[in-house]
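Everything on this sheet refers to the single structure shown next.
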Amino acid sequence: MKLIDFENLTQYMSPKSLLFYQEADTNLAFSQIRYIPNSPNLQIVTGKKPMTLSQLTARLHDMSDDTQLLSTKQQPIFGFHLSLDDTVPHIILK
6 MKLIDFENLT QYMSPKSLLF YQEADTNLAF SQIRYIPNSP NLQIVTGKKP
56 MTLSQLTARL HDMSDDTQLL STKQQPIFGF HLSLDDTVPH IILK
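Numbering (this note's numbering), first residue to last: 6 to 99.
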């Protein structure tokens, strides 16, 4: 998923929304981003505590709009869905 597409689709969502990555049937906390060597793209890193949409937006502020956000296995991320089941919305990337 290109960063410009992600930013356009999430611009009206709560900045406190928590980020997750769906791997098989499990939602993993999206806790960091990693710069891929010799590439303009970024890889998500899962961890114990999810980052918020505002934290991700701040970190991506100076990146090119054509930068791709890749999965933990450096595969393309094609989209996401929004979960409103919790007090704080969850953005779950796939």
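Ideal Cβ positions, reconstructed from N, Cα and C, are used throughout, including at glycine. Since the structure is predicted, the reported quantities are computational estimates derived from the model, not experimental observations.
Asked: Less than 8 Å separating the beta-carbons of Leu-61 and Leu-24?; Found: yes
Asked: Which two residues bound the contiguous beta strand (DSSP E) that contains Phe-35?; Found: 31-40
Asked: With Gln-48 as the anchor, note down where its alpha helix (DSSP H) starts and where it stops.; Found: That residue, Gln-48, is in no alpha helix (DSSP H); its beta strand (DSSP E) goes 47-52.
Asked: Contact between the region 90-97 and the region 10-23: three or more CB pairs below 8 Å?; Found: yes
Asked: Buried or exposed: Pro-42, going by 16 or more other Cβ atoms within 10 Å of its Cβ?; Found: exposed
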